[in-house]
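In the numbering used here, the protein residues as written are 163 to 240.
Report on one structure; see the data block that follows.
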């Protein structure tokens, strides 16, 4: 899963540009998702934040397995 751009509320003015996501199958056959975000503080001279994300919408949401690899598409409301 790739996070191309995002600002996470509660972290102040931070821009995330990379994400590593790992899916673990548990002994009881349930799943656990772990993620690591990489980012940096917003630099006002090179970056412009124009809108806040209101939430995630189910519109165009997609989760599927292709060739043994899972992919997800998430659309954000701004």
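Even for Gly, the Cβ is constructed at its ideal location relative to N, Cα and C.
Computed from a predicted model, the values in this text were never measured in an experiment.
Asked, Found
"Determine, using beta carbons only, whether residue 237 and residue 225 come nearer to each other than 7 Å.", "no"
"Straight-line CA distance for residue 229 to residue 207?", "42 Å"
"Taking the alpha-carbon positions, what's the residue 227 to residue 220 distance?", "18 Å"
"Using CA coordinates, which residue listed in 223, 231, 215 and 222 is at the minimum distance from residue 175?", "215"
"For residue 195, I'd like the list of residues in its chain whose CB is within less than 6 Å of its CB, leaving aside the five on either flank, ordered along the chain.", "185"
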